[in-house]
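K.L.:
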Amino acid sequence: MKIGIIGLGYVGLATLCGLAKAGHEVIGVEKHGPKLEQLRSGAIPFHEPGMAEVLQEFADAITLTDEIAATAGVDYLFLAVGTPSREDGSCDLTFVDDVFAEVKSKQKIVIRSTVPPGTTDLLNVMYPAHTFAIVPEFLQEGRALADVLKPHRVVIGSDNLEMCEELAGIYGRLGVPLVCTSPINAEFIKYASNAFLATKISFMNDLSRLADKAGADITTIADGMGLDPRIGRSFLNAGLGYGGSCFPKDMNALLHVAGENGLDLPVIRAAAETNTAQLHYLLSKLDVTRGMRVAFLGLAFKPGTDDMRDAPSIALAQQLLLQEVEVVGYDPLATWDYRQAETVAEALDGADYAILVTEWDELINLKPEAFAGMRQKRLVDARNAWKFARDPHDVQYEGVGRMQKKTNTPTSK
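In terms of our numbering, the sequence shown opens at residue 9 and continues consecutively.
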C-alpha cells in the first residue's frame with residue numbers, strides 16, 4: 009500500500025518506520041523545516057533506538073516532504089500531529105484542523121494523534137468527503153519503534169466496516185490482539201489506559217508518604233502487591249511522580265471532557281493532585297538554605313529518552329531556584345535551560361545534596377567513591393533505585409517511603 013503520514017514526531021516517525029519495515033511505500037510530511045532537513049540527512053531529532061537504521065535501510069520506500077499535497081492518491085492518510093494542552097486543560101486540535109485546510113482530495117483518514125472522546129465523530133460531520141478511523145497509539149518513549157512492530161494490542165475505531173476490515177488486515181499481520189470498535193470507544197480506551205497508569209503511580213505515592221510516617225518500606229510493599237496477577241508490578245514505583253508528554257496532558261483533557269459533560273471524576277482528579285503534592289513532599293526532604301547547591305542526577309522524565317516535556321526535574325528545579333539554591337544537572341541524553349554538567353563527577357562536585365531524578369543504569373550503579381567530591385554528602389533517592397549497603401559510609405541517605413534516615417551508601421539495586 010501507499011500510505012501518507014502527517015507529523016513526524018515520536019508517534020508519526022515510529023509509525024512511518026513500522027509501515028516501511030512492513031513493506032509499504034510511505035510519504036512522511038513534516039512542516040517544521042529544521043526537523044525535516046535533519047530527517048532527510050538520516051538523523052533523528054530525538055533519542056529513539058532503531059529509527060535511524062530503518063530510515064537508512066528502507067530509504068527507497070520513504071519519501072520525506074513538507075507538502076501535504078504530496079499525499080494525494082495514497083491508500084491511507086495517517087494523522088500524527090500534536091494535540092497540546094490549552095491552559096484550561098482542554099486538547100488543542102488546531103494542528104488537526106490545519107491539515108484539513110490542505111487536504112483537497114477524498115481520503116481515508118486514520119487518526120493516530122491522541123484526541124478527546126467524540127473527536128473522530130465530529131470530524132466525520134465536519135469533513136464528510138473523507139472516511140475516518142482512529143488507531144490510538146500506545147507507544148512508550150525509548151521503545152517507540154518496538155511498540156509499533158510488536159504492540160500489546162491494536163485498537164481500531166471506525167463506523168465504516170470496510171475501513172475496519174482493511175486496517176485489521178494491515179495490523180493483523182502483527183499477530184497481536186485486535187479490538188475493532190466505535191471511534192468514541194477507541195478514544196476512551198487511550199485516555200482510560202493512561203489515566204489508569206497515572207493513577208497507579210499516584211496511589212503508590214500516596215502510600216509512600218504514609219510509609220514514611222509509619223516506618224514501612226514502600227518498595228517491599230510494592231513487590232508484595234505486584235505478585236498478585238490482578239495488580240502486577242509495573243507502575244507501582246513510588247517517587248517523584250509522573251511526567252512526560254502524555255500522562256499530564258491526558259489527565260487534564262479527561263477532566264476537561266468530564267466537566268463539559270457536567271461531571272467530576274474524583275479519583276482521576278485526586279491522582280493529578282497527588283502528582284503535584286508528591287513533588288512538594290520531596291522538596292520537604294531537602295533542608296536547603298540560600299547558596300546551597302543541589303545536583304540533579306538525571307533530568308529526563310524517565311530513562312531511555314531525552315524528552316524533557318513536563319519532566320519533574322524542571323518543576324523541582326524551579327522551586328529550588330525560588331529559594332536561591334543553585335542547581336546543576338547531569339543526564340546522559342537530556343538537556344535543560346539551567347546549569348548542565350558534562351559528567352556525574354562535575355555535577356556532584358561541591359554539591360550539598362544529590363537527587364536521583366531519573367533511574368539511568370549509570371546512575372543507579374554509582375559506587376560510594378562517586379560522592380567523594382560533595383560538600384555535604386546528602387543523597388535523596390527520588391526513584392528508590394539505590395539499594396543500601398550493610399556497611400555505613402559518610403553519607404546521609406533518604407528515599408521515598410522507605411523510612412531510612414540513617415547513614416548508608418547506595419549501591420545498585
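No residue lacks a Cβ here, since even glycine has one placed at the ideal position from N, Cα and C.
None of the values given here were measured: they were computed from a predicted structure.
CA-CA distance, I212 and M382?
P.N.:
With the sequence shown as reference, residue 212 is identified as Met, and Ile is not the correct amino acid for it. Straight-line Cα distance between these residues: approximately 31 angstroms.
K.L.:
Using a Cβ-Cβ cut-off of 8 angstroms (strictly less than) and excluding sequence neighbours within five positions of H160, which residues of its own chain qualify?
P.N.:
Here the set comprises F146, V184, P185.
K.L.:
Give the DSSP bridge partners of S427, in chain order.
P.N.:
The structure shown does not extend to residue 427, since the chain is modelled only from 9 through 421, so no value can be given for it.
K.L.:
Whose CA, out of H32, C99, T122, T343, lies closest to the CA of G17?
P.N.:
With distances taken between Cα atoms, G17 lies closest to T122.
K.L.:
Report the residue from T228, A78, M316 whose alpha carbon sits nearest the alpha carbon of C254.
P.N.:
Checking every option, the nearest Cα to that of C254 belongs to M316.
K.L.:
Pull up the CB-CB distance for L27 and I11, whole angstroms please, since I reckon it's below 8 angstroms.
P.N.:
Correct: roughly 6 angstroms between the Cβ atoms.
K.L.:
Buried or exposed: which applies to K288, given that a residue is buried once 16 or more other Cβ atoms fall within 10 Å of its Cβ?
P.N.:
It is His, not Lys, that sits at residue 288 in the sequence shown. Burial call: exposed.
K.L.:
So what does DSSP say about G165, is it helix, strand or coil?
P.N.:
Correct three-state label for G165: strand.
K.L.:
Flag this pair as yes or no: are the beta carbons of G251 and A319 separated by less than 7 angstroms?
P.N.:
Result yes, Cβ atoms of G251 and A319 sit closer than 7 angstroms.
K.L.:
At the level of alpha carbons, what is the spacing between V118 and A323?
P.N.:
Going from the Cα of V118 to the Cα of A323 covers about 35 angstroms.
K.L.:
Does R398 come out as helix, strand or coil in the three-state DSSP assignment?
P.N.:
Only weak support exists for where R398 lies, its pLDDT of 42 falling under 50; the coordinates are left without a value.
K.L.:
First and last residue of the alpha helix (DSSP H) that includes Q433?
P.N.:
This structure gives no information on residue 433, because the portion of the chain shown stretches from 9 to 421.
K.L.:
What first and last residue would you give for the beta strand (DSSP E) that runs through V34?
P.N.:
V34 -> beta strand (DSSP E) spans 33-37.
K.L.:
Name the two residues that bound the continuous beta strand (DSSP E) containing V187.
P.N.:
Where V187 is concerned, the enclosing beta strand (DSSP E) stretches over 186-189.
K.L.:
If you measure between the beta carbons of F243 and L205, is that distance less than 7 angstroms?
P.N.:
It is a contact, given that the beta carbons lie within the stated cut-off.
K.L.:
For F304, name the three-state secondary structure that DSSP assigns.
P.N.:
Here F304 sits in strand by DSSP.
K.L.:
Considering only residues of the same chain and omitting the five flanking positions on each side of S93, which have a CB-CB separation below 6 angstroms?
P.N.:
Result list for S93: K257, N260, in chain order.
K.L.:
Just to confirm my understanding: we take E332, look at its own chain, exclude 5 residues before and 5 after, and list those with CB closer than 8 angstroms. What are they?
P.N.:
Closer than 8 angstroms at Cβ, skipping near neighbours: R298, G299.
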